[in-house]
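The block underneath contains the structure these notes are about, expressed in structure tokens.
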């Protein structure tokens with residue numbers, strides 16, 4: 005990576021090891037020794053003979069010493085610094101639903117995110133086209149455990165039941181939920197209801213942006 | 005979660021613990037004992053007094069015994085099974101670029117993914133609107149370490165230099181790269197070049213779909 009990792013608040017590392025049980029246990033012993041807090045882990049690459057694990061760490065007082073300790077583990081083949089996902093992809097808005105509306109929500113969200121990102125923010129828009137109560141509810145619940153996810157837009161023409169229950173659950177966990185205006189109990193469960201799909205996508209970005217003067221707490225329960 | 009996790013090939017677990025150094029090290033000791041392979045880890049939730057870690061494990065022969073061993077650790081407050089991200093969100097296509105084109109690529113990709121997902125596939129479309137050579141190159145390189153990412157679409161009006169080098173690097177790592185037709189060296193570096201942004205999004209989905217009779221290896225180097 006050509007970028008300077010010093011600009012990150014986090015220390016982001018790619019660690020190449022053999023693909024075998026016990027690797028993560030050995031690596032985390034080094035983080036424990038350095039009292040580093042792991043905020044993100046991923047198996048970034050799995051090959052037949054090797055595996056690359058990606059870590060984001062905070063509270064690292066001596067990054068070079070930590071990297072040196074990793075490199076001295078027998079299982080470690082290489083350690084490389086990388087820019088963090090938070091820095092590269094930023095906050096995530098998740099759009100879930102089906103049909104014509106979901107594409108139009110994304111057009112609004114992507115156009116608005118483009119305008120914010122040009123001015124230095126980092127907002128991504130992730131879309132999973134889906135139908136069916138069970139699948140929508142599972143996708144809704146999973147948003148709460150997606151890294152960097154801050155808002156969900158439900159874009160469909162009928163959503164309720166288990167999906168509405170999932171909406172209440174993830175709102176409890178701090179996710180902002182927007183819904184198109186539609187039949188079913190999901191609009192009542194959402195923070196904000198917007199009828200036009202492009203406008204709904206735009207408002208989702210405004211709700212999570214740091215630069216927009218749009219306060220979701222003042223909009224809660226409203227319908228546009 | 006109301007879904008049966010037995011249908012997953014992977015064992016997916018949410019583990020609630022205090023937010024303190026050493027947690028991951030303690031948890032992985034249980035996985036090591038069970039010779040379970042960790043394919044995904046995330047810090048799903050961080051609160052003042054607790055943290056929830058999400059794991060996807062494979063090669064687990066006795067899931068109930070493994071969960072029991074986790075629960076008997078003093079730091080573990082709760083263990084819950086969950087459907088895996090692979091099952092909920094599936095493969096990811098990443099769209100990177102700026103301006104009018106990026107939204108149109110996403111319209112094509114989301115509409116096509118909707119058609120595939122209705123028939124049982126799981127394909128997501130993740131978009132980060134971005135401009136600038138350094139930022140585009142970083143976003144391109146990061147695709148290779150994003151979980152479940154299989155293809156990248158570069159949607160802009162001028163991309164080359166460091167971005168093209170990043171394209172070659174991630175193609176080496178198995179990521180399929182599509183590019184709009186544009187000035188700069190990125191189209192030459194990509195697997196496939198498509199002039200119309202909606203068509204480009206559609207083809208990205210076809211290239212990663214299991215059901216489409218579209219073989220990227222036969223299309224490599226072509227321009228449409």
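Chains as they are written, first to last, in this note's numbering: chain A, 5 to 228; chain B, 5 to 228. All C-beta atoms, glycine included, are put in the ideal place defined by N, C-alpha and C. This structure is a prediction, so every number in the text was calculated from the model and none was measured.
Beta-carbon spacing of residue 156(B), residue 180(B) below 9 Å: It is a contact, given that the beta carbons lie within the stated cut-off.
Minimum length 3: unbroken beta strand (DSSP E) runs contained in the stretch 103-181 of chain B: Restricting attention to beta strand (DSSP E) runs no shorter than 3 residues, the stretch 103-181 of chain B encloses them at 127-133, 153-159, ordered along the chain.
Min CB distance residue 201(B) to chain A below 9 Å: Chain A, which has no Cβ nearer than 9 Å to the Cβ of residue 201(B), makes this no.
Cβ-Cβ distance between residue 233(B) and residue 93(A) below 9 Å: Nothing can be reported for residue 233(B): it is not among the residues displayed for chain B, which extend from 5 to 228.
8 Å contact criterion, which residue 223(B) and residue 196(B) should meet: CB distance rounded: Yes, they are in contact, since the Cβ atoms of residue 223(B) and residue 196(B) sit about 5 Å apart, within 8 Å.
Three-way DSSP call (helix, strand, coil) for residue 72(A) in this model: In this structure, residue 72(A) counts as helix in the three-state DSSP scheme.
Listed by chain order, chain A residues near residue 49(B) by CB distance under 8 Å: Residues of chain A with a Cβ closer than 8 Å to the Cβ of residue 49(B) are, in chain order, 148, 149, 177.
Residue 189(B): contacting residues in chain A (beta-carbon distance under 8 Å): The premise fails here: residue 189(B) is roughly 17 Å from chain A at the closest Cβ pair, so nothing lies under 8 Å.
Which of helix, strand or coil DSSP assigns to residue 216(B): DSSP, reduced to helix, strand and coil, places residue 216(B) outside both helices and strands of the structure shown, so it counts as coil.
Residue 97(B) versus residue 54(A) - alpha carbon distance: Distance from the CA of residue 97(B) to the CA of residue 54(A), rounded to the nearest whole angstrom, comes to 24 Å.
Coarse secondary structure for residue 12(A), derived from DSSP in three states: Interpretation of residue 12(A) is limited by its pLDDT of 41, a score under 50 that renders its predicted location unreliable; the figure taken from the coordinates is listed afterwards. Residue state, collapsed to three classes: coil.
Boundaries (first-last residue) of the beta strand (DSSP E) holding residue 46(B): In the DSSP assignment, residue 46(B) falls within the beta strand (DSSP E) that extends over 41-50.
Residue 169(B) to residue 153(A) span [Cα, whole Å]: Put simply, the backbone Cα of residue 169(B) is about 30 Å away from that of residue 153(A).
Cutoff 6 Å; reference residue 131(A); Cβ partners in own chain excluding five residues on either side: Correct list, in chain order: 99, 110.
Heavy atom of the ligand NAD within 8 Å of residue 156(A) beta-carbon: Ligands displayed in this structure: none; no statement on the ligand NAD is therefore possible.
Same chain, Cβ closer than 7 Å to residue 70(B), five either side skipped, listed in chain order: Cβ-Cβ distances below 7 Å link residue 70(B) to 34, 38, 40, 64 in the same chain, with the five nearest sequence neighbours on each side left out; the list follows chain order.
Chain B contacts made by the stretch 30-54 of chain A, where a contact means CB separation under 8 Å: The stretch 30-54 of chain A vs chain B, Cβ under 8 Å: 32, 33, 35, 36, 39, 40, 41, 42, 43, 44, 45, 46, 47, 48, 49, 50.
Reduced DSSP secondary structure (H/G/I, E/B, other) of residue 101(A): Strand, per DSSP.
C-alpha gap between residue 105(A) and residue 91(B), whole angstroms: Distance between the alpha carbons of residue 105(A) and residue 91(B) is about 23 Å.
Per-residue contacts from residue 218(A) into chain B (C-beta, under 7 Å): By Cβ distance, chain B contributes nothing, its closest Cβ being about 18 Å from residue 218(A), past 7 Å.
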